[in-house]
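Q: Once you know that position 38 of the sequence shown is 980 in this note's numbering, the rest is easy, because the numbers rise by one and skip nothing. Structure in structure tokens, see below.
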Amino acid sequence: MKQHLLCAVALIALSSCSREDEMSNTLTSDSTLSRKNVLSKQAPIQGKWKMEWTSMGEPVEGDFFLDIIGNTLHLKTDKYNFTSNNFERGENDGDIIVKSDTSDFTITIVEPTINTPYHVIYISNGFGYDTFIASKE
């Protein structure tokens, strides 16, 4: 029962700050991301976000997180597992541009409009989005 309640809260949080094309199967550009709830450029990005669910409401299997301490960013998901000192705030609010040896990608942190402890984290490598619902520790 608790898991069903948490999934319901997660889906509400996701729907409150989703992209316009969330239900679409087509790949999108960064310009389609709703910008109304993203972290402002002035908001601190230091901290650790623990990935709780995927965008489909499935619990995350494993220890997935985004951790930013000082000038070090550590991202661990099923597709990414690295530490970088080469990242910066993007032009758009909420964006973090990460440069790696193989490619550059963008992480966007979105705060939900409803009062929940969850954030939505989009990770884009230019070919689509990986979406996670995360809690900030």
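In this text, a Cβ means the ideal position worked out from N, Cα and C, and glycines have one as well.
1. What is the DSSP secondary structure of Asn1023, counted as helix, strand or coil?
2. Please state the DSSP three-state secondary structure of Ser1066.
3. Using a 10 Å radius around the Cβ and a threshold of 16 neighbouring Cβ atoms, would you call Asp1020 buried or exposed?
4. List the DSSP bridge partners of Phe1047.
5. Nearest-angstrom Cα distance between Ile987 and Ile1010?
6. Looking at Tyr1064: is its Cβ nearer than 9 Å to the Cβ of Asp1072?
7. Going by beta-carbon coordinates alone, are Phe1047 and Met993 separated by less than 9 Å?
8. Based on the DSSP output, what are the partners of Gly989 in its beta bridges?
9. In the DSSP assignment, what are the bridge partners of Asp1072?
10. Leaving out the 5 sequence neighbours to the left and right, which residues in its chain are closer than 6 Å to Leu1015 when beta-carbon positions are compared?
11. Is Glu1079 helix, strand or coil when you go by DSSP?
12. Around the Cβ of Gly1012, are there at least 16 other Cβ atoms within 10 angstroms (buried) or fewer (exposed)?
13. What's the gap between the Cα of Thr1050 and the Cα of Gly1036?
14. Could you name the residues that DSSP lists as bridge partners for Glu1030?
A: According to the structure data:
1. Taking the first residue of the sequence shown as position 1, residue 1023 is located at position 81. Per DSSP, reduced to three states, the secondary structure at Asn1023 is strand.
2. Here residue 1066 refers to the residue found at position 124 when the sequence shown is read from its first residue. Three-state result, Ser1066: strand.
3. Locating residue 1020 in the sequence shown gives position 78, counting from the first residue. For Asp1020, the number of other beta carbons within 10 angstroms of its own is below 16, and it is reported as exposed.
4. Counting from 1 along the sequence shown, the entry for residue 1047 is found at position 105. Paired residue(s): Val1040.
5. Taking the sequence shown and counting its residues from 1, the one referred to as residue 987 is at position 45. Taking the sequence shown and counting its residues from 1, the one referred to as residue 1010 is at position 68. So the alpha carbons of these two residues sit roughly 7 Å apart.
6. Residue numbering aside, residue 1064 sits at position 122 when the sequence shown is read from its first letter. Residue numbering aside, residue 1072 sits at position 130 when the sequence shown is read from its first letter. Yes, the pair counts as a contact, with Cβ atoms nearer than the cut-off.
7. Translated into positions along the sequence shown, residue 1047 becomes position 105. Translated into positions along the sequence shown, residue 993 becomes position 51. No, Cβ-Cβ distance for Phe1047 and Met993 is not below 9 Å.
8. If you number the sequence shown from 1, residue 989 lands on position 47. In the DSSP assignment, the residues bridged to Gly989 are Ile1010.
9. Start at 1 with the first residue of the sequence shown, and residue 1072 comes out as number 130. Beta-bridge pairing links Asp1072 to Ile1065.
10. Looking up residue 1015 in the sequence shown gives position 73. Listed in chain order, the non-local C-beta contacts of Leu1015 below 6 Å within the same chain comprise Ser1026, Phe1029, local neighbours out to five positions each way being set aside.
11. Taking the sequence shown and counting its residues from 1, one reaches residue 1079 at position 137. Secondary structure of Glu1079 (DSSP, three-state): coil.
12. Walking along the sequence shown from the start, residue 1012 turns up at place 70. Exposed, since its Cβ has fewer than 16 Cβ neighbours within 10 Å.
13. The residue you call residue 1050 lines up with position 108 of the sequence shown. The residue you call residue 1036 lines up with position 94 of the sequence shown. Whole-angstrom Cα-Cα distance: 5 Å.
14. Indexing the sequence shown from 1 puts residue 1030 at position 88. Under DSSP, Glu1030 shares a beta bridge with Ile1039.
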